[in-house]
Each structure stands twice: as structure tokens, then as C-alpha cells.
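According to our numbering, the stretch in the sequence shown is residues -7 to 182, in order.
Step one of this worksheet: look at the structure below.
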Amino acid sequence: MQRWFVSLMIFATASQAFAQDDSVCNVLLPNDIITGEYEMTLGPGTMEVQDSSLPAPITAPYPKVHKIPATIVDIDGTLVLFSDKNFKLEFIDVDFDERDWDFTKGGKFDMAVNAEDFALVAGCENINDLPRLMAKGTGTYFSDDGTEVPFFTKLFVATIHDDGGVSAYGGFRATGPKIVFNLRFMLRPL
């Protein structure tokens, strides 16, 4: 309970710090609002070792936090995030009728704040009222040997900034040959 409350308070404080008067509820975001320079924050989270020599996968905390500069561009109507850290994500459209996302179930993206509380703090009745971003891609950022690994992320947009860009919060998954990272993901404009 205490972890949940602390996480909710951190999110509420961060949302108020970046908040503007306009609500983000029920807003379809045009690509030009999202394009620009960003800082991605990945972590903390969990690291799962999956090896055939083990009787079952081993999951351990992953306390490290990565701050990575990135650029989001519009390429023929598709948003693409690039980073000089060999990190690329291509965004997928998410409609309002997409089922609710809740990162506290199943242990994949443990965000410590459930979907309903996130929507409440953002001033929306339901999490489906918030703009959401989903992306998949590849990169070598989480690979020790330079092997490309697939990435997947789901983000809730918490704030649309007057001077450009969005602040978003969600989960990130990198699936390597033997290690899977499930990390918190924050995106904020620079």
C-alpha cells in the first residue's frame, strides 16, 4: 500500500509540474504535437534470465535507470523514435476502443499505479480517455554482444506541452536471447 501511495504521489507531483490548463482527456494527438527532441528514462524494473539450463526463469530487480536523448520524427505519417544509442521505435496507432491497460497485473510492467488511479490523477474518468502510444522496434542498447533485440512499449500521455511535445509514462520490454528487461518508461520533451 505504501509503495502504491508513494508512486501515485510522485506521478501527481510530476503531472502538476508539467500541467497545462487544457485537459488531455479524449484528445486524438496529431503527429506534429508529438514530434521533437525528448529524454527517455528507462528503469527501474526487472530482469528475467531465461536459459534452457535453468528449471525456470529467474527474475531479479533491475534498479538501474537509463536516461537517453531521443528524437521523434514523422516519416510518411508514422512516428519513429531514434536515439544515438542504437535505439529505434516505430509507433502504432491506438484507438480509444483499445482495452484498458493496467501495468500492475501480470508482472510484465509493474508501474505501481493502476490504470484507474492514473486516469484520476490526469483528470479523466477512465484510462481509455487518455491518449496512448504504443511502439515496437529494435536496437542493441540492451545487448552485451551487439545483437539486435526487439523492444515494445506502451505509454499513457499525461501532458501535452504548450511549447511542443508530450510527457508520457508507461512500460518498456526488451527481449534478448536469454534476458528480458521489463522497465518503467518515461518520455519528456527537452
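Glycine included, C-beta positions come from ideal geometry on N, C-alpha and C.
Here the structure is a predicted model, which is why all the values come from computation and not from measurement.
*Assuming Thr33 and Val57 make a contact with CB atoms under 8 Å, what is their CB distance in whole Å?*
So it is a contact: roughly 6 Å between Cβ atoms.
*Should Lys170 go down as buried or exposed, given a rule of 16 or more other Cβ atoms within 10 Å for buried?*
By the 10 Å Cβ count, Lys170 comes out exposed.
*Cβ shell of Val86 (< 6 Å), same chain only, five flanking positions each side left out*: Answer for Val86: Arg124 and Met126, listed in chain order.
_Quick check on the DSSP output: what are the complete beta strand (DSSP E) runs of length 3 or more inside the region 50 to 87, in order along the chain?_
Listed in chain order, they are 50 to 54, 58 to 67, 70 to 75 and 79 to 84.
*Which residues mark the beginning and the end of the alpha helix (DSSP H) in which Ile26 is found?*
Looking at the DSSP string, the run of the alpha helix (DSSP H) that includes Ile26 is Asn23 to Ile26.
*Ile67, buried or exposed, once every other Cβ within 10 Å from all chains shown has been counted against 16*: Under this definition Ile67 is an exposed residue.
*What is the DSSP secondary structure of Val16, reduced to helix, strand or coil?*
Looking at Val16 - three-state DSSP - the assignment turns out to be coil, as it is neither helix nor strand.
*Find out if the Cβ-Cβ distance for the pair Asn16, Ile152 is shorter than 7 Å.*
The residue you asked about is not Asn; residue 16 is Val in the sequence shown. Against a cut-off of 7 Å, the Cβ pair of Ile152 and Val16 comes out as a contact.
*Taking DSSP as the reference, what is the three-state secondary structure of Glu140?*
In the displayed model, Glu140 falls within coil according to three-state DSSP, outside both helix and strand.
*Contact set for Ile183: own chain, Cβ-Cβ below 8 Å, skip 5 residues either direction*: This structure does not reach residue 183, given that the chain is present from -7 up to 182, and the question cannot be answered.
*Count the other CB atoms, across all protein chains shown, that sit within 10 Å of the CB of Asp109; report buried if there are 16 or more and exposed otherwise.*
Using a 10 angstroms sphere on the CB of Asp109, the tally of other CB atoms reaches 16 or more, which defines it as buried.
*Would you say the region 44 to 55 touches the region 144 to 162, given that touching needs at least three Cβ pairs under 8 Å?*
At 8 Å Cβ cutoff, the stretches do not touch.
*Name the residue from Gly131, Glu90 and Ala114 whose alpha carbon lies nearest to the alpha carbon of Arg165.*
Among Gly131, Glu90 and Ala114, the Cα nearest to that of Arg165 is on Gly131.
*Within its chain, find whatever has a CB closer than 7 Å to the CB of Arg176; leave out the 5 residues flanking it on each side and keep chain order.*
Gly35, Pro36, Gly37, Met103 and Gly163.
*Check whether the Cβ atoms of Lys77 and Ile60 sit closer than 7 Å, and answer yes or no.*
Taking a C-beta distance under 7 Å as the contact criterion, Lys77 and Ile60 qualify as a contact pair.
_For a test of your reading of the model: does the CB of Thr27 fall under 6 Å from any non-hydrogen atom of the ligand ZN? Yes or no._
As far as ligands go, the structure on display features none, and thus does not contain the ligand ZN.
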